[in-house]
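First comes the structure, then the notes that go with it.
Protein chains: 2
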Amino acid sequence: MMLYTSRIGYTFSEDTTTRFSTFNCLQNEVNKEEYCVVTIKDAQRAAVLASKAARLFKNTEVSVRVDFLNGIADELELKRSELTNMYCKESSLSVQRANSELDRTIFQLRNYGHYLLYEHWNRPLVSEPEQVPFKIETRLQAIGPVAVFGSSNFPFAYSTAGGDTASALAAGCPVIVKAHPMHAGTSWLVAECIIKVAQEHQLPDGVFSHLLDNGHDIGEELVGNEYIKAVGFTGSIRGGRALMDLSAKRDAPIPVFAEMGSINPVVFFQSELEKNLELWIDKFTGSISNDAGQFCTKPGLLFVNQSTEGMQFVAELKQQLSVTEPKCHLHPNLFKNYKEQVEESFEWIKCKQPYHSQPVLREVSAREYLNDYNFYEEFFGPQAIVVLYKSREELMEMLHKLGGQLTTTFIGSEEEFRTHEEIIDCAKEKAGRIIFNGVPTGVTVCDAMVHGGTYPAASDSRFTAVGTQSIYRFLRPVALQMIR
Amino acid sequence: MMLYTSRIGYTFSEDTTTRFSTFNCLQNEVNKEEYCVVTIKDAQRAAVLASKAARLFKNTEVSVRVDFLNGIADELELKRSELTNMYCKESSLSVQRANSELDRTIFQLRNYGHYLLYEHWNRPLVSEPEQVPFKIETRLQAIGPVAVFGSSNFPFAYSTAGGDTASALAAGCPVIVKAHPMHAGTSWLVAECIIKVAQEHQLPDGVFSHLLDNGHDIGEELVGNEYIKAVGFTGSIRGGRALMDLSAKRDAPIPVFAEMGSINPVVFFQSELEKNLELWIDKFTGSISNDAGQFCTKPGLLFVNQSTEGMQFVAELKQQLSVTEPKCHLHPNLFKNYKEQVEESFEWIKCKQPYHSQPVLREVSAREYLNDYNFYEEFFGPQAIVVLYKSREELMEMLHKLGGQLTTTFIGSEEEFRTHEEIIDCAKEKAGRIIFNGVPTGVTVCDAMVHGGTYPAASDSRFTAVGTQSIYRFLRPVALQMIR
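Each protein sequence line maps, in turn, to chains R and A.
For the first sequence, my numbering assigns the number 1 to the initial residue and increments by one for each residue that follows.
For the second sequence, my numbering assigns the number 1001 to the initial residue and increments by one for each residue that follows.
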């Protein structure tokens, strides 16, 4: 049996005292590999090493970083079958999903590289003010070592070589990944790919480290460590807020970009229910139930116009979800959390297979909705809540009570969007992305993507976690003033 | 005797229970005007009003905001003599300084307006990814009401209608100013100009409020208030950190941009001491002593090469500062704080006139410097510390121990800058602006300016407090996704 240990830059950590394993929900068994919890001392060594590497890495030519990112993409492609095998047994997600997520991860890495070749990505701002005898030239510079906390639900795309790592490396920041314990093996394999490419490209030792831990100590050490200069996190509100609070207590607080929870409200106006009822039932059945609804952009709350068509939509969507096959959760803990949260407000539907849950639409009245704070929290599973609204005022009242969102969706006609401009404007105050006539799941990697929003969707609404603009989380301007 | 009260949008607050006055250090007397402390309830009303105004103001045409900013500039110009009179008796600064600072404030307002007319300031990012049937269009949107805390040392340029207010209004955010108590009268007069123009331009009530307080309660209320979405602050590390900590404790933390302390190190290499000794003595005498050294970019720490010329430079600069006229501080409290801080490490030079202090250069050895943490703090007065360095290693050790800086300055030849690239690179990791052969005081308002730096120079090194780019502190991207 192999023991997997952490990477402190190019060397393996040696301590094997405390170990943990991952779990296969589909097989209902503990995976055989054992992962060794890294020591605090080794985590500190990784931070010091990253700090030294940062000095060299931030000044590398853009082409060096582009080659590095492309090299990682190539290596992941090469290891595809090994990676997807491990991915499936740690996440209980399908082979198809594993492959498409790996495709996306590879695309992201290449995409950041491509963006660095775009001449405007860090074009200097130059000023030669008339009233003074000097010129000022400002460029963006890497902020320093970034600690990355991967997500539970995207073992490839938002984890070890995911968006945070790719954008930080693109910016010129060394990365220390705290592996997500639920998919430590996938993380370890991906980390080995990154390390291999970094060594081949002769990048400074410490440009990447990978730390294994199934508790909170290592994460706390990283966020509090003086050499760490920024944090990227994808996960729960509780987890993200804990990291924000840790940073706030530092001698010198650092930017924490946490992408956290969102219930992703959807507002159905009348016309599309009249015109395309079946289409939207199909689309939302998929969007709510796919991969057990374990997506940060899963539509968790539907506001439907109380009309004949609205009620028909609710009845049919409910029916369709109820006959959708039960879905397997990523991990027993996530299953347990979801079940407990559901049981606070609803009856739990028991499934035959362990760790599975039945896709379901829960109907609550506007009054119940407004009075129960449980409904303002994300349900991380294949469930949506539907509220039939009677008037524009009732809809507005409910929208106003919502917190920050990653997305808000409107289904209707151009005319309805114009008529309800005020409602859409209210949504823009909270969400990072407003979707017209689409489903919120599926976050396309492109320049204009905003995957963020006001708190608690994200810790800082001024940045995005997805798309090329996410590299600006890890860059700061430095002005050079010289005599002209 | 007139009682001055706060502005809750367009109405005056009515409570006059608790009052305070400002102080004229030059005359050593309390100014006769009385300012009424606003109630918490009125501060809360201002926040609610700002929140309502935000909905309308963020969607105004750019031209509306440009006209508003230019209107304020015009109004300040119109009230110049009244404003500068009040400014002088509250700050003990000269009429000349009052006028030049007002010029700068007026220029800043117009400059932000001008920037909004630049087509690229908020050009939408548009993506039409091949693999999906929709397009995404992203624009920046105002973040919401901003609480502005003005500085003690720039009653015009970094206070009521200063950089934070101008950039927030330009972005489309309503502003609530917590007036600096040391220049409450100046602040009140400037606020009246803003209110007058806002009313003339029929902007929504609440787009600007002005709150008077000589304690911390109102500031704490604002930073904790749910309707406030960002904070702009200029002042001490203690003050800025307190606001950062308050925000971190909110249910939904908000961005706090605090521009705080900096000791602005200056490194003198050999060549310029050989070539232009007198020039640099003159320049640094002015930069250290002007307006009692009460500038956030005052050079507080000089590293001078231990050579014949270096020692001559130190001796002559010391001599020249010692015969420079004593300078009056802005306020008795600032004088007292400065005096107490100086007395911890040095002998205090008593002046005849109250609240005055003698410009002075203090020499300490590298060893003393490295051992005394008092030297890593800003001295907010007409003093600089000089350390003669013997080697590059000693210089590096001292630079490494420094915290974040607004500026770091290098005086030398192009060749020396190349030879000492590593030293300059170390400075770039900490400072927002690197100056070559100039003095750090004098922060030019232009596109490329960076007035910020790593903590504690600023709370977030990714933004600047001065120059047009400072409006991006108060904007967040919102993506619209629609079928194409």
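We treat Cβ as the ideally placed atom computed from N, Cα and C, and that holds for glycine.
Taking Cβ-Cβ distances shorter than 7 Å, what residues in chain R pair up with residue i?
{"i": "proline 1129/A", "result": "Thr444, Cys446"}
{"i": "threonine 1138/A", "result": "Ala448, Val450"}
Report yes or no: is there a C-beta of chain R within less than 7 Å of the C-beta of residue i?
{"i": "asparagine 1070/A", "result": "no"}
{"i": "alanine 1479/A", "result": "yes"}
{"i": "methionine 1398/A", "result": "no"}
{"i": "isoleucine 1428/A", "result": "Note that residue 1428/A corresponds to lysine in the displayed sequence, not to isoleucine. Chain R, which has a Cβ nearer than 7 Å to the Cβ of lysine 1428/A, makes this yes."}
Using a Cβ-Cβ cut-off of 7 Å, state whether residue i counts as contacting chain A.
{"i": "asparagine 437/R", "result": "yes"}
{"i": "threonine 105/R", "result": "no"}
{"i": "valine 323/R", "result": "no"}
{"i": "valine 132/R", "result": "yes"}
Please list, in chain order, the chain R residues whose beta carbon lies closer than 8 Å to that of residue i.
{"i": "leucine 1125/A", "result": "Asp447, Ala448, Gln469"}
{"i": "isoleucine 1485/A", "result": "There is simply no residue 1485/A to check, as chain A begins at 1001 and stops at 1484 in what is shown."}
{"i": "isoleucine 1434/A", "result": "Val478, Ala479, Leu480, Gln481"}
With DSSP as the reference, identify every bridge partner of residue i, one or two as the case may be.
{"i": "serine 1209/A", "result": "Ile1176/A"}
{"i": "methionine 1002/A", "result": "According to DSSP, methionine 1002/A bridges with nothing at all."}
{"i": "threonine 1011/A", "result": "Ile1008/A"}
{"i": "arginine 362/R", "result": "Ile385/R"}
{"i": "methionine 1482/A", "result": "Lys1135/A"}
{"i": "serine 1151/A", "result": "Paired residues: none, contrary to the question."}
{"i": "serine 127/R", "result": "Ile136/R"}
{"i": "phenylalanine 1233/A", "result": "Phe1149/A, Ala1258/A"}
{"i": "glutamine 1141/A", "result": "Arg1476/A"}
{"i": "cysteine 328/R", "result": "His356/R"}
{"i": "phenylalanine 23/R", "result": "Val30/R"}
Anything in chain R within Cβ reach of residue i, meaning under 9 Å, just list it in chain order.
{"i": "glycine 1224/A", "result": "Under the 9 Å cutoff, chain R gives no residues; its nearest Cβ is about 14 Å from glycine 1224/A."}
If the cut is a Cβ gap below 9 Å, which residues of chain A does residue i touch?
{"i": "tyrosine 455/R", "result": "Arg1250, Asp1251, Ala1252, Pro1253, Ile1254"}
Kindly list, in the order they appear in chain A, the residues whose Cβ is closer than 8 Å to that of residue i.
{"i": "aspartate 425/R", "result": "Arg1055, Asn1059"}
Report yes if the C-beta of residue i is less than 6 Å from at least one heavy atom of the ligand ADP; otherwise report no.
{"i": "cysteine 1036/A", "result": "No copy of the ligand ADP appears in this structure; indeed no ligand is present at all."}
If we cut at 7 Å on Cβ distances, does residue i have a partner in chain C?
{"i": "arginine 7/R", "result": "Note that chain C does not occur in the displayed structure, where the protein chains are R and A."}
| request: At 3 residues or longer, and completely inside the segment 1382-1420 of chain A: list those beta strand (DSSP E) runs for me, N to C. | output: 1383-1389, 1405-1411
Interface positions of the segment 244-267 of chain R facing chain A (Cβ-Cβ less than 7 Å), listed along the chain | Met244, Asp245, Ala248, Ala252, Pro253, Pro255
Mind listing, in chain order, the continuous beta strand (DSSP E) runs of no fewer than 3 residues lying wholly within the segment 254-321 of chain R? 256-259, 265-268, 301-305
Every unbroken alpha helix (DSSP H) within the segment 1029-1073 of chain A, with a cutoff of 4 residues, ordered by chain: 1040-1057
Note down, in chain order, all residues in the segment 1291-1304 of chain A with a beta-carbon under 8 Å from any beta-carbon belonging to chain R. none
Checklist line | Residues from the segment 55-67 of chain R in contact with chain A, defined by Cβ distance under 9 Å | finding: Arg55, Lys58, Asn59
**Asked** In chain order, which continuous runs of the beta strand (DSSP E) of length 3 or greater are located wholly inside the segment 1431-1474 of chain A?
**Response** 1431-1436
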